[in-house]
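> Before I ask anything, here is the structure I am working with.
Residue numbers (UniProt numbering): 1 to 267.
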C-alpha cells in the first residue's frame with residue numbers, strides 16, 4: 001500500500017481529515033528533503049564562519065581599551081572603528097535587505113564574467129549560474145551572524161574579572177596569549193547559551209534566502225503552494241520541520257551547558 005492509498009483510507013475513517021491533502025506533500029517529498037538538507041548546510045556554515053568573524057571582530061572592538069602606547073590609536077583607527085561600523089550596519093538593518101543587497105549588488109561586483117573584482121571569466125559564469133543563490137545567502141547570513149556574535153564575544157570577554165587579565169600579564173603573557181589561554185576559554189562557557197540562541201535564530205532566518213531562489217525549506221513550501229494553490233499543508237509541514245530542528249539544536253546546546261557545569265564550568 002502506497003502513501004496515497006493509506007491517506008485515502010485515513011480520510012474515510014476520520015472525516016475531519018477529508019480536507020487535508022497530504023498527497024501533495026508526499027508527491028514533493030524529495031524537494032522538502034533537499035530543502036531541509038540545504039537549510040542545515042547553510043546554517044552550519046554560517047554559524048561556523050560567523051563565529052570566527054565574531055571572535056576576531058569582538059577582540060578588535062576591545063583592542064584599543066587594553067592597549068597602551070603607540071599602538072593605541074592605530075588599533076582604534078584600523079580595528080575598533082571598522083568593527084564598530086560593521087556591527088552597527090548589520091545589526092541595524094533588516095536581514096531581508098542585506099540578502100537582496102548582497103545578491104544583486106555586492107556579489108555581481110565580486111563575481112562577474114567580465115570584470116569581477118575576485119573572480120571573472122568562465123569560472124564566474126559557472127559559479128553565478130550553479131551556486132549564485134547559495135553564495136549570496138551564505139555571505140549574507142554569515143555577515144549578519146558575525147555582527148551579533150561579535151557582541152556576544154565582547155560581552156563575554158568583558159564579563160571576565162580584570163584580575164584574570166592582570167594576573168596573566170604579570171606572568172609574562174602578552175595580550176594575545178592572555179586572550180587565548182585565560183580569557184576566551186572562561187568567557188566561552190558564559191557565551192554558550194547566547195551562541196546557541198543565535199544559531200537557532202539563524203536556522204529560522206535562513207528561510208529568508210528563498211527570496212533569491214535558494215531551494216531550501218521555505219522555497220519548497222512556496223513551490224508546492226503555488227502549484228496547488230493550497231497553503232495550510234506545505235507551510236504547516238515546514239513549520240513542523242523547523243520546530244523539530246530547533247528542538248534538536250536546543251537540546252544539543254543544553255547538553256553542552258550541562259557538560260561544562262559538570263566539569264566545573266563558570267556559572
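Note that beta-carbon positions come from the ideal geometry of N, C-alpha and C, so glycine has one too.
First and last residue of the alpha helix (DSSP H) that includes residue 110?
Position 110 of the chain shown, counted from the first residue, corresponds to residue 110. Element bounds for residue 110: 107-110.
> Expressed to the nearest angstrom, what Euclidean distance is found between the alpha-carbon atoms of residue 190 and residue 254?
For the purposes of this step, residue 190 is identified with residue 190 of the chain shown, where counting begins at 1. For the purposes of this step, residue 254 is identified with residue 254 of the chain shown, where counting begins at 1. Each residue's Cα considered, the two are about 13 Å apart.
> Can a CB atom of chain C be found closer than 9 Å to the CB of residue 168?
Note that chain C does not occur in the displayed structure, where there is just one protein chain.
> Residues in its own chain within less than 7 Å of residue 112 by CB, not counting five upstream and five downstream?
By 1-based counting over the chain shown, the position of residue 112 is 112. These residues qualify, in order along the chain: 120 and 124.
> How about residue 212 and residue 137: do their beta carbons lie closer than 9 Å?
As a first step, residue 212 must be located in the chain shown, where it is residue number 212. As a first step, residue 137 must be located in the chain shown, where it is residue number 137. Closer than 9 Å, so yes.
> Roughly how many angstroms lie between the CA atoms of residue 152 and residue 246, to the nearest whole one?
Residue numbering aside, residue 152 sits at position 152 when the chain shown is read from its first letter. Residue numbering aside, residue 246 sits at position 246 when the chain shown is read from its first letter. Their Cα atoms are separated by approximately 20 Å.
> Would you tell me roughly how many angstroms separate the C-alpha atoms of residue 177 and residue 114, rounded to the nearest one?
Here residue 177 refers to the residue found at position 177 of the chain shown. Here residue 114 refers to the residue found at position 114 of the chain shown. Distance between the alpha carbons of residue 177 and residue 114 is about 45 Å.
> For residue 231, which residues of its own chain have a beta-carbon under 8 Å away from its beta-carbon, when the five flanking residues on both sides are left out?
Against the chain shown, residue 231 aligns to sequence position 231. The answer, listed in chain order, is 225.
> Tell me whether residue 119 sits in a helix, a strand or coil according to DSSP, three-state version.
Walking along the chain shown from the start, residue 119 turns up at place 119. It is a strand residue.
> Cβ of residue 163 within 8 Å of any heavy atom in the ligand NAP?
No copy of the ligand NAP appears in this structure; indeed no ligand is present at all.
> For residue 266 and residue 180, I'd like the C-alpha separation in whole angstroms.
If you number the chain shown from 1, residue 266 lands on position 266. If you number the chain shown from 1, residue 180 lands on position 180. Per-residue confidence for residue 266 stands at a pLDDT of 49, beneath the threshold of 50, marking its modelled position as unreliable; no derived number is given.
> Have a look at residue 51 and residue 206 and give me their C-alpha separation to the nearest angstrom.
Position 51 of the chain shown, counted from the first residue, corresponds to residue 51. Position 206 of the chain shown, counted from the first residue, corresponds to residue 206. Straight-line Cα distance between these residues: approximately 16 Å.
> Look at the alpha carbon of residue 26 and the alpha carbon of residue 221, and state the distance between them as a whole number of angstroms.
Position 26 of the chain shown, counted from the start, is the residue given in the question as residue 26. Position 221 of the chain shown, counted from the start, is the residue given in the question as residue 221. Cα to Cα, the separation comes out at about 12 Å.
> What's the call for residue 259, buried or exposed, on a 16-neighbour Cβ count within 10 Å?
Stepping through the chain shown from its first residue, residue 259 is reached at position 259. Exposed, because fewer than 16 other Cβ atoms sit within 10 Å of the Cβ of residue 259.
> What distance in whole Å lies between the Cβ atoms of residue 92 and residue 154, which are believed to be in contact at a cut-off of 8 Å?
In the chain shown, residue 154 corresponds to position 154, counting from 1. In the chain shown, residue 92 corresponds to position 92, counting from 1. That belief does not hold up - the Cβ atoms of residue 154 and residue 92 are roughly 16 Å apart, past 8 Å.
> So, with DSSP's three-state summary, where would you put residue 131?
Translated into the one-based positions of the chain shown, residue 131 becomes position 131. Residue state, collapsed to three classes: helix.
> Exposed or buried, residue 219, counting other C-beta atoms within 10 Å across all chains shown (16 or more means buried)?
Residue mapping note: residue 219 aligns to position 219 of the chain shown, counting from 1. Flag for residue 219 reads buried.
> When you compare only the Cα positions, how much space is there between residue 80 and residue 36?
By 1-based counting over the chain shown, the position of residue 80 is 80. By 1-based counting over the chain shown, the position of residue 36 is 36. Using only the alpha carbons, I get a separation of about 38 Å.
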